[in-house]
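Colleague: Before I ask anything, here is the structure I am working with.
Chains as they are written, first to last, in the numbering used here: chain A, 744 to 858; chain B, 694 to 808.
Here you go:
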């Protein structure tokens, strides 16, 4: 059981380039999330999805886009990369929403550097 | 405005002794509290949670205590083992205005268990 799989593990981008961070889960979870973690900080929610075809903004959505065409996949798109987007990105999924006793299952992260 | 605060960035404990990780919060609407554990180069993994209607939850060596009047919770690890060395994130959930839940993370505490 792979859980949540993120690719790539590492990436270096030049300012202005674009890329897509891939995320796939095999637990048939409806809810999926993208977080970023900056050094010494907690996780901040970028976007989330409550099911295929439905996405919504989180706390820090600017500079990102998402899509959810299937239950399994939730890619995160960075357009016009900026140094402020240097961070570690985590994808997560859950059976229910973020509330209550519905723990998130995280992938191992993508470390992105924008120079 | 940090709604979930982990004021100790790091903590060192001898193997076999008790580790106590603290977390303070400001939002009285939080209804569930969760602890996640994170090893380097991996995603966070769920450890233990507690509902706001309880004051204690125990799972093996891990116990979480909640003091609602003080808006404080703590994670106790007894006895501490070298494999417990990780970053521990406190998180809290509350229902947002749109009816969905929002999860807020603290900045984390790095625990080092010394053999």
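Glycine included, C-beta positions come from ideal geometry on N, C-alpha and C.
If you reduce the DSSP assignment to three classes, tell me which class residue 769 of chain A lands in.
Modeller: Reading the first chain from its first residue, position 26 is the one you call residue 769 of chain A. Here residue 769 of chain A sits in coil by DSSP.
Colleague: From the DSSP secondary-structure annotation, give me the bridge partner or partners of residue 756 of chain A.
Modeller: For the purposes of this step, residue 756 of chain A is taken as the residue at position 13 of the first chain. BP columns for residue 756 of chain A point to A:857.
Colleague: How is the beta strand (DSSP E) around residue 757 of chain B delimited, first residue to last?
Modeller: In the second chain, residue 757 of chain B corresponds to position 64, counting from 1. Unbroken beta strand (DSSP E) run through residue 757 of chain B: 755–760.
Colleague: Measuring CB to CB, does residue 788 of chain B end up less than 8 Å from residue 772 of chain B?
Modeller: Numbered from 1 along the second chain, position 95 holds the residue referred to as residue 788 of chain B. Numbered from 1 along the second chain, position 79 holds the residue referred to as residue 772 of chain B. In this structure, residue 772 of chain B does not lie closer than 8 Å to residue 788 of chain B by Cβ.
Colleague: Assuming residue 846 of chain A and residue 836 of chain A make a contact with CB atoms under 8 Å, what is their CB distance in whole Å?
Modeller: Working through the first chain from its first residue, we reach residue 846 of chain A at position 103. Working through the first chain from its first residue, we reach residue 836 of chain A at position 93. Their Cβ separation, rounded to whole angstroms, is 10 Å, which puts residue 846 of chain A and residue 836 of chain A out of contact at 8 Å.
Colleague: Determine, for residue 782 of chain B, whether the minimum Cβ-Cβ distance to residues of chain A falls below 8 Å.
Modeller: Walking along the second chain from the start, residue 782 of chain B turns up at place 89. So, interface residue.
Colleague: Is it true that the region 822–833 of chain A meets the region 775–784 of chain A, where meeting means three or more beta-carbon pairs spaced less than 8 Å apart?
Modeller: Touching, yes.
Colleague: According to DSSP, residue 731 of chain B sits in a beta bridge with which residue or residues?
Modeller: On the second chain, residue 731 of chain B is found 38 positions in, with the first residue counted as 1. In the DSSP output, where bridge partners are listed per residue, residue 731 of chain B has B:780.
Colleague: Answer yes or no: do residue 727 of chain B and residue 779 of chain B have a C-beta to C-beta separation smaller than 8 Å?
Modeller: Mapped onto the second chain, residue 727 of chain B falls at position 34. Mapped onto the second chain, residue 779 of chain B falls at position 86. No, the Cβ-Cβ distance between residue 727 of chain B and residue 779 of chain B is not below 8 Å.
Colleague: Taking Cβ positions only, does residue 800 of chain B come closer than 8 Å to chain A?
Modeller: Within the second chain, residue 800 of chain B is the residue found at index 107, counting from 1. Cβ-Cβ to chain A under 8 Å: yes for residue 800 of chain B.
Colleague: Could you tell me which chain B residues have their CB closer than 7 Å to the CB of residue 784 of chain A, listed as they occur along the chain?
Modeller: The sequence position of residue 784 of chain A within the first chain is 41, counting from 1. Those within 7 Å of residue 784 of chain A in chain B are 800.
Colleague: Output the boundary residues of the beta strand (DSSP E) element that contains residue 808 of chain A.
Modeller: For this step, residue 808 of chain A is matched to residue 65 along the first chain. Note, residue 808 of chain A: beta strand (DSSP E), 807–809.
Colleague: Since I believe residue 805 of chain B is in contact with residue 796 of chain B (beta carbons under 8 Å), could you give me their beta-carbon distance rounded to a whole number of angstroms?
Modeller: Within the second chain, residue 796 of chain B is the residue found at index 103, counting from 1. Within the second chain, residue 805 of chain B is the residue found at index 112, counting from 1. No, residue 796 of chain B and residue 805 of chain B are not in contact; Cβ-Cβ is about 26 Å, not under 8 Å.
Colleague: From the DSSP output, in three-state form, read off residue 827 of chain A for me.
Modeller: Taking the first chain and counting its residues from 1, the one referred to as residue 827 of chain A is at position 84. Looking at residue 827 of chain A - three-state DSSP - the assignment turns out to be helix.
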